[in-house]
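Chains as they are written, first to last, in the numbering used here: chain B, 9 to 519; chain C, 1431 to 1542; chain G, 214 to 358. No residue lacks a Cβ here, since even glycine has one placed at the ideal position from N, Cα and C. Keep in mind it's a predicted model, so treat the numbers as computed, not measured. Read the structure below first, then the notes.
Structural data, given as structure tokens:
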């Protein structure tokens, strides 16, 4: 048992309530303490990223050992795939917290902001490392309830309306997830993911099983904003304060949505062809419709939010192709390639979408508007913001040598090798439309001449510049994941745990 | 069997309320009704015929107990539901102060 | 916020203490009977809300009370986390492990650390429900008529 695992949940949880007490008496405690906690968590998550490899660490909370090989306690599980997501959460979380040091001065009640931020991190870490269904639900609720509050943090008309919409749809998603958990417990009589797999592999009722899968998929699909469940996302992500938008768009929809879908459908359910075709279709729809909805937007943050839907579509699409091949039992190496592409794109999306939202926040911080038509000529006055946002825009639209190019290339190659030519063509077309949309963003925001007279503008303060520059360096560095040696240490363990149908459950039950 | 159908009907009543009502507070109430129907479903899942409350009696340890795990889950879910409802109500009160109405048709700044 | 009539005040004086004691009873017997931290905490919060409604209080007093209750709430959660961490330091070095002696089943002082968890969860729930009530009241008080 690795003693470091529970720290992912305990530290931010304790930090949130320490901030509520000490932050009342000591000013400036909150901001530095939050960054410190997240830096610590980022360090241990990098430690796990490089040491986990093919191992699966299991932590039995409270020391409840299994009885007759049936797990009875709460399990925390760390494997290759978990390590990647935990790393994303804590790294982007650290950079957003550091960025907030100067950004959040505009709002009152900083204590509440940082306490909610820590709670959100605790919830997401909990979702990712917990090994049973009900804890996934509890931690998911912790993270989304704090995100409801954070979306409404500005308490103006738009923020409140977005938060209300988000809460009603989020509550519906939670109900679907809860029903799904109840139905699974009814038949399997256990909540542990590995144990459910063994219970279901002993035979099951086909119709019931399909119904459970659809309920679970629609619940987590609502959280992940896959089309047709996307209605809340553009409002919520564009109304939140910018560091929170970066967290929501860069991390939250992946940790509580995509991650759980991938984990449950590969490691808990037995992959069926009909479900994998459904997932691929939803992914394709998100990818295409998301980008078309994004074209007409003039509000930067809404534009970025719609692109989030589209880019998540890429991830779901490529994982879905992998699922189809696994369920048919043909071409295992192409299936592995498709899943690699999906996870690679997921990592990349966290980096560049986080960076783009931080850029949007920097622009809003200096000139006080989010409307593209009112901007222009910012490249001269804000060199750091302009350069980093150029890197991010090129990454998201898939221009070499930035990271987005390589992951999209892997996805397209996998689609061609799996003989889904239409999907490959669609992926290329969507990528081109994305490029057009981001060229518009670059031109109107940074290079156009502005008609509006405004005072002399300055570059944003150091913490904001620091976060943006680090993220843009990460965007470039992630291209290195395409090199086989690096890919084998980081991505391959995650792929193996997903494609091998029995490894996850047998290892956990065996411990 | 009739109990499960009643559960499902309660869920549909809540869903109908969420979709058709125009009043923010009524939407929140409908969400609570849906939530309660799921809690009832959980209680039914843990039901064992002839079982008693799962508290170990030292004098007579061998008894038929109902399944305690769904009850624990329902208690946790009730706590979460309390938090969600409180949060929703706070937002509704704030919205009322900003817009001066509970009507959802008049609260439509965001679109597109 | 104004208080209520004399009859309400007198009745509250009589029963609020009893409700409070009943909540404490539910909390400390949490490991023996149905109930426990959450249920008892809600009952305690009920008695506090009853007193506040009956006697009222001016705006500044309510704000001060809310600040105090927030600190109580945070401290109780930190205590829960500290007991969990204590399980990491003593016994078998695992979070949330039950490191105290278990005692005899059915007695009031038994079940190791569970009663401690119940007590702190009870204070936390009582405080947080009272905070929800207070913040809604404060919000109503400060709103322009």
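Beta carbon proximity, residue i to chain G, threshold 8 Å
{"i": "residue 1475 (chain C)", "result": "no"}
{"i": "residue 71 (chain B)", "result": "yes"}
{"i": "residue 1459 (chain C)", "result": "no"}
{"i": "residue 14 (chain B)", "result": "yes"}
{"i": "residue 26 (chain B)", "result": "yes"}
{"i": "residue 278 (chain B)", "result": "no"}
{"i": "residue 1502 (chain C)", "result": "no"}
{"i": "residue 137 (chain B)", "result": "no"}
{"i": "residue 447 (chain B)", "result": "no"}
{"i": "residue 1534 (chain C)", "result": "no"}
{"i": "residue 1478 (chain C)", "result": "no"}
Identified DSSP bridge partners for residue i
{"i": "residue 82 (chain B)", "result": "B:69"}
{"i": "residue 322 (chain B)", "result": "For residue 322 (chain B), which the question treats as bridged, DSSP gives no partner whatsoever."}
{"i": "residue 200 (chain B)", "result": "B:140"}
{"i": "residue 1453 (chain C)", "result": "C:1533"}
{"i": "residue 87 (chain B)", "result": "None; residue 87 (chain B) has no bridge partner."}
{"i": "residue 307 (chain B)", "result": "B:379"}
Three-state secondary structure (DSSP) of residue i
{"i": "residue 213 (chain B)", "result": "coil"}
{"i": "residue 326 (chain G)", "result": "coil"}
{"i": "residue 318 (chain G)", "result": "coil"}
{"i": "residue 1477 (chain C)", "result": "coil"}
{"i": "residue 75 (chain B)", "result": "strand"}
{"i": "residue 243 (chain B)", "result": "helix"}
{"i": "residue 36 (chain B)", "result": "coil"}
{"i": "residue 1495 (chain C)", "result": "strand"}
{"i": "residue 389 (chain B)", "result": "helix"}
{"i": "residue 1486 (chain C)", "result": "coil"}
{"i": "residue 306 (chain G)", "result": "coil"}
{"i": "residue 468 (chain B)", "result": "coil"}
{"i": "residue 519 (chain B)", "result": "coil"}
{"i": "residue 312 (chain G)", "result": "coil"}
{"i": "residue 357 (chain B)", "result": "helix"}
Any chain B beta carbon closer than 8 Å to residue i
{"i": "residue 1456 (chain C)", "result": "no"}
{"i": "residue 283 (chain G)", "result": "yes"}
{"i": "residue 1506 (chain C)", "result": "yes"}
{"i": "residue 1524 (chain C)", "result": "yes"}
{"i": "residue 1498 (chain C)", "result": "no"}
{"i": "residue 309 (chain G)", "result": "yes"}
{"i": "residue 359 (chain G)", "result": "Not covered by the structure: residue 359 (chain G). The range shown for chain G is 214 to 358."}
{"i": "residue 332 (chain G)", "result": "no"}
Nearest to residue i (by Cα), restricted to the options the options
{"i": "residue 306 (chain B)", "options": "B:513, B:26, B:242 and B:72", "result": "B:242"}
{"i": "residue 505 (chain B)", "options": "B:59, B:39 and B:63", "result": "B:63"}
{"i": "residue 89 (chain B)", "options": "B:179, B:270 and B:159", "result": "B:270"}
{"i": "residue 1460 (chain C)", "options": "C:1439, C:1471 and C:1479", "result": "C:1439"}
{"i": "residue 210 (chain B)", "options": "B:439, B:195 and B:222", "result": "B:195"}
{"i": "residue 55 (chain B)", "options": "B:83, B:10, B:69 and B:20", "result": "B:10"}
{"i": "residue 239 (chain B)", "options": "B:289, B:178, B:74 and B:119", "result": "B:178"}
{"i": "residue 292 (chain B)", "options": "B:304, B:332, B:325 and B:171", "result": "B:325"}
{"i": "residue 518 (chain B)", "options": "B:49, B:370 and B:65", "result": "B:65"}
{"i": "residue 288 (chain G)", "options": "G:337, G:349 and G:324", "result": "G:337"}
{"i": "residue 255 (chain B)", "options": "B:201, B:151 and B:323", "result": "B:151"}
{"i": "residue 79 (chain B)", "options": "B:377, B:200 and B:479", "result": "B:200"}
{"i": "residue 343 (chain B)", "options": "B:274, B:317, B:311 and B:380", "result": "B:274"}
{"i": "residue 310 (chain B)", "options": "B:272, B:377, B:355 and B:264", "result": "B:377"}
{"i": "residue 348 (chain B)", "options": "B:419, B:314 and B:406", "result": "B:419"}
CB contact check: residue i to chain C, cutoff 8 Å
{"i": "residue 157 (chain B)", "result": "yes"}
{"i": "residue 151 (chain B)", "result": "no"}
{"i": "residue 171 (chain B)", "result": "yes"}
{"i": "residue 519 (chain B)", "result": "no"}
Can you find at least 3 beta carbon pairs, one from the stretch 481-495 of chain B and one from the stretch 354-368 of chain B, that sit closer than 8 Å? Result yes; three or more Cβ-Cβ pairs closer than 8 Å.
Examine the Cβ distances between the stretch 181-191 of chain B and the stretch 218-237 of chain B and report whether three or more of them are shorter than 8 Å. Yes, they touch.
Mind the definition here: the stretch 426-437 of chain B touches the stretch 374-394 of chain B only if three or more C-beta pairs lie below 8 Å; say whether that holds. At 8 Å Cβ cutoff, the stretches do not touch.
Do the stretch 170-183 of chain B and the stretch 191-201 of chain B meet, that is, are 3 or more Cβ pairs less than 8 Å apart? No, the stretch 170-183 of chain B is not in contact with the stretch 191-201 of chain B.
Just checking, does the stretch 92-99 of chain B make contact with the stretch 128-137 of chain B on the three C-beta pairs under 8 Å criterion? The stretch 128-137 of chain B and the stretch 92-99 of chain B touch, with three or more beta-carbon pairs separated by less than 8 Å.
Counting pairs of Cβ atoms below 8 Å between the stretch 417-425 of chain B and the stretch 495-513 of chain B, do you hit three or more? The stretch 417-425 of chain B makes no contact with the stretch 495-513 of chain B, as fewer than three CB pairs between them are under 8 Å.
Is it the case that the stretch 266-281 of chain B contacts the stretch 205-222 of chain B, given that we only count it when at least three CB pairs across the two stretches are under 8 Å? The stretch 205-222 of chain B is in contact with the stretch 266-281 of chain B.
Does the structure place the stretch 1465-1474 of chain C close enough to the stretch 148-164 of chain B that three or more beta carbon pairs sit under 8 Å? Taking 8 Å as the limit for Cβ pairs, the verdict is that the stretch 1465-1474 of chain C does not touch the stretch 148-164 of chain B.
Segment contact flag, the stretch 1496-1511 of chain C with the stretch 1472-1486 of chain C, C-beta cutoff 8 Å, min 3 pairs: Contact between the stretch 1496-1511 of chain C and the stretch 1472-1486 of chain C is present, because at least three Cβ pairs lie under 8 Å.
Answer yes if the stretch 333-341 of chain B comes into contact with the stretch 361-379 of chain B, meaning at least three C-beta pairs across the two stretches below 8 Å, and no otherwise. Contact check between the stretch 361-379 of chain B and the stretch 333-341 of chain B: fewer than three CB pairs, one atom from each, fall below 8 Å, which does not count as touching.
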